[in-house]
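Peer 1:
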Amino acid sequence: APGYVTCKKNVLPPVCPDGYTQLGNIGDDVPGYGVGHMKGIRSKAECAAKCNDRDDCAAFEQGKDDCVFNGLEDATTERQTGRAPGYVTCKKNVLPPVCPDGYTQLGNIGDDVPGYGVGHMKGIRSKAECAAKCNDRDDCAAFEQGK
């Protein structure tokens, strides 16, 4: 309308509950039902509480009365290839441990030590399998594993 001005707050209130950060934009969606799905969840706080109860939940998508739990692999904007209008994805600020027992994560997911270290193996499909191979070597102090 003539003479009207629209002004947006510089800092908007957080969309996700404490301990979580919004992933992507409202409506961005990882297709499917992740590592679990619950109906009847009407708030992000309730969905976060259910996610916190699960060891395999790194993020959740909540909308309407629906809560979808996503594992670590799906807790990225790159995996948000679908659309779910009105849904919000919230990722845990502190993620569940990703390394097997006896190992501690160094750096962030995606960080890389250049080269192949003391060895390199293909066909290893899990961190547990990679850890077992590392444990078999006296010269192995750490490992990197991915797809």
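Whatever position you read off the sequence shown (first residue = 1), add 9 for my numbering.
Using N, Cα and C, we set each Cβ at its ideal position, and we do this for glycine too.
In whole angstroms, what is the alpha-carbon distance linking Cys-60 and Gly-43?
Peer 2: In a straight line, the C-alpha of Cys-60 is about 12 Å away from that of Gly-43.
Peer 1: Going straight from the alpha carbon of Ile-50 to that of Val-97, what length do you get?
Peer 2: Roughly 13 Å separates the two Cα atoms.
Peer 1: Between Gln-71 and Asp-145, what straight-line distance do the alpha-carbon atoms span, to the nearest angstrom?
Peer 2: Going by the C-alpha atoms only, they are around 44 Å apart.
Peer 1: Relative to the C-alpha of Val-103, which residue among Ala-93, Val-39, His-46 and Ala-67 is closest?
Peer 2: Looking at the Cα atoms, Ala-67 is the closest of the given residues.
Peer 1: Kindly give me the distance between the Cβ atoms of Asn-139 and Cys-25, rounded to whole angstroms, as I take these residues to be in contact under 8 Å.
Peer 2: Note that residue 139 is Cys in the sequence shown here, rather than Asn. Cys-139 to Cys-25, Cβ: 32 Å. No contact.
Peer 1: My assumption, with CB atoms under 8 Å, is that Lys-48 sits in contact with Asp-83. Please give the rounded CB distance.
Peer 2: At roughly 20 Å, the Cβ-Cβ gap does not stay under 8 Å, so Lys-48 and Asp-83 are not in contact.
Peer 1: Could you name the residues that DSSP lists as bridge partners for Val-97?
Peer 2: The partner list for Val-97 (beta bridge, DSSP) reads Gln-71.
Peer 1: Taking Cβ positions, are Ile-133 and Gln-154 nearer each other than 8 Å?
Peer 2: Taking 8 Å as the Cβ cut-off, Ile-133 and Gln-154 qualify as a contacting pair.
Peer 1: Do you know how far the Cα of Gly-126 is from the Cα of Gly-80?
Peer 2: Looking at the two C-alpha atoms, the distance is approximately 29 Å.
Peer 1: The alpha helix (DSSP H) spanning Lys-17 covers which residue range?
Peer 2: Premise fails: Lys-17 is in no alpha helix (DSSP H) and is neither H nor E.
Peer 1: Within a Cβ cutoff of 7 Å, which residues of the same chain sit near Asp-65, ignoring the five residues on either side of it in sequence?
Peer 2: The residues are Val-44 and Gly-80.
Peer 1: How should Cys-56 be labelled, buried or exposed, when 16 other C-beta atoms within 10 angstroms of its C-beta is the threshold for buried?
Peer 2: Buried, because 16 or more other Cβ atoms sit within 10 Å of the Cβ of Cys-56.
Peer 1: Kindly indicate the opening and closing residues of the alpha helix (DSSP H) around Pro-48.
Peer 2: Looking at the sequence shown, residue 48 is not Pro but Lys. Unbroken run through Lys-48 is the beta strand (DSSP E), 45 to 48; no alpha helix (DSSP H).
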